[in-house]
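Enquirer: My questions all concern the structure below.
There are 2 protein chains.
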Amino acid sequence: MSIEAAPERRARGLAGILERHGRAVDYPKGRMIYATGAQDSTMMLITKGRVEISRSSVDGRRSILTHLGPGDMLGELAALDGGARSADAVAATTVQGRVLEGALVLQRLREEPDAALDVIGMLCQRLRQTSGMYTAHMLADGQARLARLLLHLSEKWGEALPGGKLRLAERFSQSDLGDLVGLSRESVNRQFRDWEQAGVIAREGMGIVLCDPGALARAAEMAE
Amino acid sequence: MSIEAAPERRARGLAGILERHGRAVDYPKGRMIYATGAQDSTMMLITKGRVEISRSSVDGRRSILTHLGPGDMLGELAALDGGARSADAVAATTVQGRVLEGALVLQRLREEPDAALDVIGMLCQRLRQTSGMYTAHMLADGQARLARLLLHLSEKWGEALPGGKLRLAERFSQSDLGDLVGLSRESVNRQFRDWEQAGVIAREGMGIVLCDPGALARAAEMAE
DNA sequence: CAGATTCTGTGAGGCACCTCACAGAAGCGT
DNA sequence: ACGCTTCTGTGAGGTGCCTCACAGAATCTG
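Chains as they are written, first to last, in our numbering: chain A, 428 to 651; chain B, 428 to 651.
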């Protein structure tokens, strides 16, 4: 559940390989980086910006798996096992990164056994997160999932404010938040209204301020 | 989405390590193998029987992640990254297996770089499956998820019958099926009644026969 | 700065699925 | 073979969350 290490801690290992050997690329906001089912197998390290990883149903409904930022990598699945892309990746903002062919990554891993163990660690982390999301979705109701999401996002994208408050700096639309937890945009809106009246959160133009993270943590309580 | 390779194909790699170096163990039906949050870090290869991997909420609701059988491994997460167990593992039948300490597994991996790549492949597979389950749960309704589950289970546990039919040999209670897809036992029952009347499935004492897998596949249609 | 988009707010109505309640069937142990 | 436990079947009733519909607020864009 805890969020990845800070960028500087990842300079070694896989991220280091991409940093040293990858070629620089950038994408404008809204551009698709790859699509579900595609057969390419490059891997990318984000140096700037935000990428949305998602899947969509035939009738247009969208499920966002996660948002990735500087220091995060994407495309590891197809790069490492050579299979098709398992989700869509879209630049949520202007994005800069470094990419490397999957085959070259594998070659490096064979030469540096420690890097391979590093990759194993990363995949374990991802697996923990994904299966945690799955069970949370099975076991918790919409309110709990949304509370959990706000806390989770604020760990990665938030800035601490005096008094234990947190501000979500990056802009997430209610519609995005809904697609992240499997709620409709309207339901997110109604829940926010209630929390705002209860003083748990506040809207501040572009961002959301978590005034009472403890209350959210209580609302998020569930499984284990 | 597709199920793991057959036992003999996995004799090499990680499974081979467990086969050669692990010690034999067995568990009676119903015995817990490990519990969520526990700090042990052994890994196990199943040689006989079935293991249920699940998580539960505080109020007793249960979400089954998967059922594993002969040739499958469990406990890799904690064994490989040293973290706590991320789910419960319970023997669904009498189980025989071979276990090895995570530290010893890691040591072997350092000595055999090919085995490390094998592990990476396995983790990628698991990640594809888990994130597929997640998005399916977000995007598809109960009927589609249940249809998908029957097809999925029959790939792993089913036997082919003349006329393209499939029989689910292993016994899965409706309650288990519900916990596998996030439906109540009653909803599973009602859906089965409808499918049985439509001739899509049939009950045969202990097992379920999929009379018309095509119809189920159509019902399962969704994302991609 | 006007116009086009995208986002937000909110009500009305519906439906998929749940919970509760209970009864009969089937497996399981001694 | 007997009870005990677990599983199945089915109705009644509730509700969380969705969809539709529309209006106003922001935010982009030329």
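Ideal placement from N, C-alpha and C gives every residue a C-beta, glycine not left out.
Quick caveat: nothing in here was measured; it's all calculated off a predicted structure.
1. Look up residue 602 (chain B) in the DSSP assignment and say whether it is helix, strand or coil.
2. What are the boundary residues of the alpha helix (DSSP H) that residue 549 (chain A) is part of?
3. Using a Cβ-Cβ cutoff of less than 8 Å, which residues in the same chain neighbour residue 535 (chain B) once the five nearest sequence positions on both sides are dropped?
4. For a minimum of 4 consecutive residues, which ranges assigned as the alpha helix (DSSP H) are wholly contained in the region 602-650 of chain A?
5. In angstroms with no decimal places, state the Cα-to-Cα distance between residue 597 (chain A) and residue 578 (chain A).
6. In the DSSP assignment, find the alpha helix (DSSP H) that holds residue 573 (chain B) and state where it starts and stops.
7. Within the continuous beta strand (DSSP E) that includes residue 525 (chain B), where are the two ends?
8. Please list, in chain order, all residues of the same chain as residue 631 (chain A) whose beta carbon is under 8 Å from its beta carbon, the five residues on each side excluded.
9. Rounded to whole angstroms, what's the CA-CA distance from residue 453 (chain A) to residue 441 (chain A)? Just pull it up for me.
10. Can you round the beta-carbon distance between residue 464 (chain B) and residue 477 (chain B) to whole angstroms, since I take them to be within the 8 Å contact cut?
11. At which residues does the alpha helix (DSSP H) containing residue 482 (chain B) begin and terminate?
12. Can you tell which of A:473, A:458, A:590 and A:507 has the C-alpha that lies nearest to the C-alpha of residue 467 (chain A)?
13. Applying the 10 Å Cβ sphere with the 16-neighbour rule, what's the burial state of residue 439 (chain B)?
14. Contact check, residue 488 (chain A) vs residue 566 (chain B) under 8 Å by CB: the rounded distance?
15. Check whether the Cβ of residue 431 (chain A) lies closer than 7 Å to any Cβ atom in chain B.
16. What is the rounded straight-line gap between the Cα of residue 557 (chain B) and the Cα of residue 546 (chain A)?
17. So, for residue 642 (chain A): in the same chain, excluding its five sequence neighbours on each side, which residues have a beta-carbon less than 7 Å away from its beta-carbon?
18. Measuring alpha carbon to alpha carbon, tell me which residue in A:581, A:564 and A:624 is nearest residue 609 (chain B).
19. Since I believe residue 516 (chain B) is in contact with residue 501 (chain B) (beta carbons under 8 Å), could you give me their beta-carbon distance rounded to a whole number of angstroms?
20. Whole-angstrom Cβ separation of residue 470 (chain A) and residue 526 (chain A), contact assumed at under 8 Å?
21. Can you name the residues that DSSP bridges to residue 468 (chain B)?
22. Kindly indicate the opening and closing residues of the beta strand (DSSP E) around residue 518 (chain B).
23. Relative to the C-alpha of residue 490 (chain A), which candidate in A:590, A:607 and A:575 has its C-alpha closest?
24. Which of the residues in the region 537-552 of chain A, read from start to end, lie with their CB under 8 Å from any CB of chain B?
25. Answer yes or no: do residue 612 (chain A) and residue 624 (chain A) have a C-beta to C-beta separation smaller than 7 Å?
26. Which of helix, strand or coil does DSSP assign to residue 596 (chain B)?
27. If I measure Cβ to Cβ from residue 504 (chain A) and keep anything under 6 Å in the same chain, skipping five residues before and after, which residues do I get?
28. Using C-beta distances below 6 Å, list every residue in its chain close to residue 499 (chain A), excluding the 5 sequence neighbours before and after it, in chain order.
29. For residue 537 (chain A), which of helix, strand or coil comes out of DSSP?
30. Use the C-beta contact count for residue 432 (chain B): other C-beta atoms within 10 angstroms, 16 or more gives buried, fewer gives exposed.
31. Looking at the structure shown, is residue 512 (chain B) part of a helix, part of a strand, or coil, going by DSSP?
32. Measuring alpha carbon to alpha carbon, tell me which residue in B:455, B:634 and B:459 is nearest residue 585 (chain B).
33. Compare the Cα-Cα distances from residue 640 (chain B) to each of B:580, B:599 and B:510 and report the closest residue.
34. Taking only three categories from DSSP, how would you classify residue 588 (chain B)?
35. Would you identify the three-state DSSP class for residue 447 (chain B), choosing helix, strand or coil?
36. Looking only at C-alpha atoms, which of A:511, A:592, A:615 and A:648 sits nearest to residue 637 (chain A)?
Expert: So, to answer that:
1. helix
2. 540-566
3. 444, 448 and 542
4. 612-624 and 640-647
5. 14 Å
6. 569-584
7. Under the DSSP assignment, residue 525 (chain B) falls in the beta strand (DSSP E) whose first and last residues are 522-528.
8. Its chain contains 594 as the residues whose beta carbon lies nearer than 8 Å to that of residue 631 (chain A), once the 5 sequence neighbours on both sides are disregarded; these appear in chain order.
9. 20 Å
10. Taking a contact as a CB-CB distance under 8 Å, the pair residue 464 (chain B) and residue 477 (chain B) does not count as one, their CB atoms being some 23 Å apart.
11. Looking at the DSSP string, residue 482 (chain B) is not in any alpha helix (DSSP H); the run it does join, the beta strand (DSSP E), is 478-483.
12. A:507
13. Answer is exposed; the Cβ neighbour count stays below 16.
14. 5 Å
15. Any reading at residue 431 (chain A) needs caution, since the residue's pLDDT is 44, under 50, leaving its predicted position unreliable; the model's value is listed next. Output row for residue 431 (chain A): interface = no.
16. 18 Å
17. So the qualifying residues of the chain are 627.
18. Of A:581, A:564 and A:624, the residue nearest in Cα terms is A:564.
19. 6 Å
20. 7 Å
21. DSSP, once it has assigned bridges, lists no residue as partnering residue 468 (chain B).
22. 515-518
23. It is A:607.
24. 537, 540, 543, 544, 546, 547, 548, 550, 551 and 552
25. no
26. coil
27. 513
28. 473, listed in sequence order.
29. Residue 537 (chain A): helix per DSSP, three-state reduction.
30. Any reading at residue 432 (chain B) is ruled out, since the residue's pLDDT is 44, under 50, leaving its predicted position unreliable.
31. coil
32. B:634
33. B:580
34. In the structure shown, the three-state DSSP call for residue 588 (chain B) is coil.
35. helix
36. A:592
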